[in-house]
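J.: My questions will all concern the structure given below.
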Amino acid sequence: MNFQHILFSICDSGVALLCLNRPAQLNSLNEAMHLELQQALAEVIANPAIRALLLTGEGRGFCAGQDLFDGSVIGSGEPLDLGQTIERFYNPLVSALRDLPKPVVCAVNGVAAGAGANIALACDLVVAARSAYFVQAFCKIGLVPDAGGTFFLPRLIGTARAKALMLLGDKLPAEQAEQWGLIWRVVDDELLREEALMLARKLAKAPYSLALTKQALNQSATNSFNEQVALERDLQRKAGQSEDFKEGIRAFMQKREPKFNGR
């Protein structure tokens with residue numbers, strides 16, 4: 215695949231590395247980048263050699279959100295329908311990351327603003343550079359938080375903090391985001407890519423059951439208790455019939471590390 219706005223490669227140990235690559239624009243998103251992201255994520259889903267995804271940004275920022283100079287936003291003087299942009303690009307993107315049947319690690323380098331912050335939160339494990347920060351910048355330009363932000367934030371940090379971030383638009387430093395439970399870990403800037411790749415490699419060796427675990431956790435937000443335990447039963451049935459479960463039992467009996475194949 216030849217991309218202009220992203221970098222995409224399959225690293226060793228089954229990790230796909232996906233980098234937003236418009237560093238001069240702080241990796242802000244335009245229509246062309248969205249289309250390339252859709253292609254890359256389709257490859258991640260379809261390719262069995264890819265066992266985990268690492269998402270990050272090139273340059274000094276992770277993602278500054280929507281590129282406000284993009285033609286799909288500025289338009290040609292006609293009444294603007296941002297709902298169409300969300301429906302075509304942002305909702306499919308965050309849904310794909312959240313529902314991807316493979317672990318997704320996000321390495322946040324620098325600013326994660328607006329939709330950029332919420333795209334990071336759609337990933338499974340977020341590691342941030344110490345200098346990074348998150349900002350729900352929508353109120354600064356008279357818009358509503360999107361890209362799943364109004365879903366993710368109150369569930370991660372509570373309604374009071376989510377409201378404050380979204381209504382005030384203040385910056386949230388990475389270390390405070392870690393303390394609040396918004397992200398998994400903060401590391402020194404120069405170690406970010408290395409630490410995130412190490413984490414992705416570890417997840418790439420994990421069993422098929424991780425995809426089922428993601429499904430269970432995603433549905434727990436809206437399921438009743440009875441619905442959730444019934445889902446656990448059904449997913450455990452699938453896990454128990456997998457090759458990886460058989461390998462896990464063999465490895466346990468033989469007192470060795472299991473070698474999972476993701477099936």
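Converting from the sequence shown to this note's numbering requires adding 214 to each position, the first position being numbered 1.
All residues carry an ideal CB built from backbone N, CA and C; glycine is no exception.
Should G228 be flagged as near chain C, meaning a C-beta pair shorter than 7 Å?
T.: Protein chain content of the structure displayed is limited to a single chain, and chain C is not contained in it.
J.: Terminal residues of the continuous beta strand (DSSP E) containing F205?
T.: What the structure shows of the chain is the stretch from 215 to 477, and residue 205 is not part of that stretch, so it cannot be assessed.
J.: From G279 to L311, what distance separates their C-alpha atoms?
T.: One C-alpha to the other measures close to 16 Å.
J.: Which stretch, first to last residue, makes up the beta strand (DSSP E) that contains S223?
T.: Here the beta strand (DSSP E) through S223 covers 220-224.
J.: Would K385 and V341 qualify as a contact pair, given that the criterion is a beta-carbon distance under 7 Å?
T.: Not closer than 7 Å, so no.
J.: So, helix, strand or coil for Y304, using DSSP?
T.: It is helical.
J.: When you compare each of Y304, R399, A326 to G271 by their alpha carbons, which one comes out closest?
T.: It is A326 whose Cα lies nearest to the Cα of G271.
J.: For the structure I just gave you, are there three or more beta carbon pairs, one from the segment 320-339 and one from the segment 353-369, closer than 8 Å?
T.: Yes, the segment 320-339 is in contact with the segment 353-369.
J.: Report the option in S309, L370, A334 whose CA atom is closest to the CA atom of V319.
T.: If we check each option's Cα against that of V319, A334 comes out closest.
J.: Given a threshold of 16 other Cβ atoms within 10 Å of its Cβ, counted over all protein chains shown, does P317 qualify as buried or as exposed?
T.: By the neighbour-count rule (16 or more Cβ atoms within 10 Å), P317 is buried.
J.: Can you list, in chain order, the residues of its chain whose CB lies under 7 Å from that of L379, leaving out five sequence neighbours each side?
T.: If we look at L379 and ignore the five residues flanking it on each side, its Cβ neighbours are Q350, L367, L386.
J.: Could you tell me which residues DSSP puts in a beta bridge with V160?
T.: Outside the shown range of the chain (215 to 477) lies residue 160, about which nothing can therefore be said.
J.: Taking C-beta to C-beta, are E409 and V400 nearer than 7 Å?
T.: No, these two residues do not count as a Cβ contact at 7 Å.
J.: If you draw a straight line from the alpha carbon of N235 to that of G297, how long is it in whole angstroms?
T.: Cα-Cα distance, rounded: 25 Å.
J.: Can you give me the C-alpha to C-alpha distance between A263 and G383, rounded to a whole angstrom?
T.: Roughly 41 Å between the two C-alpha positions.
J.: Which partner residues does L269 have in the DSSP bridge list?
T.: L232, C320, per the DSSP bridge assignment.
J.: Just the C-alpha distance for K419 and A260, rounded to the nearest angstrom, thanks.
T.: In a straight line, the C-alpha of K419 is about 18 Å away from that of A260.
J.: What are the boundary residues of the alpha helix (DSSP H) that A260 is part of?
T.: Element bounds for A260: 245-260.
J.: Figure out for me which residue from L339, Y422, T373 has the closest Cα to the Cα of K460.
T.: Looking at the Cα atoms, Y422 is the closest of the given residues.
J.: By the 10 Å Cβ neighbour count, where 16 or more other Cβ atoms means buried, how is T373 classified, buried or exposed?
T.: Flag for T373 reads exposed.
J.: From L243, N437, M412, G228, pick the residue whose C-alpha is nearest to that of L282; which is it?
T.: For L282, the nearest C-alpha among the options comes from L243.
J.: Report buried or exposed for V308, applying the criterion of at least 16 other Cβ atoms within 10 angstroms of its Cβ.
T.: V308 comes out buried.
J.: Suppose the cutoff is 8 Å on Cβ atoms and the five residues either side in sequence are ignored; what does the same chain contact list for E446 look like?
T.: The residues are A430.
J.: Could you check if G275 is buried or exposed, using at least 16 other CB atoms within 10 Å of its CB as the buried criterion?
T.: By the neighbour-count rule (16 or more Cβ atoms within 10 Å), G275 is buried.
J.: Could you spell out where the beta strand (DSSP E) holding A327 opens and where it closes?
T.: Segment 325-327, the beta strand (DSSP E) holding A327.
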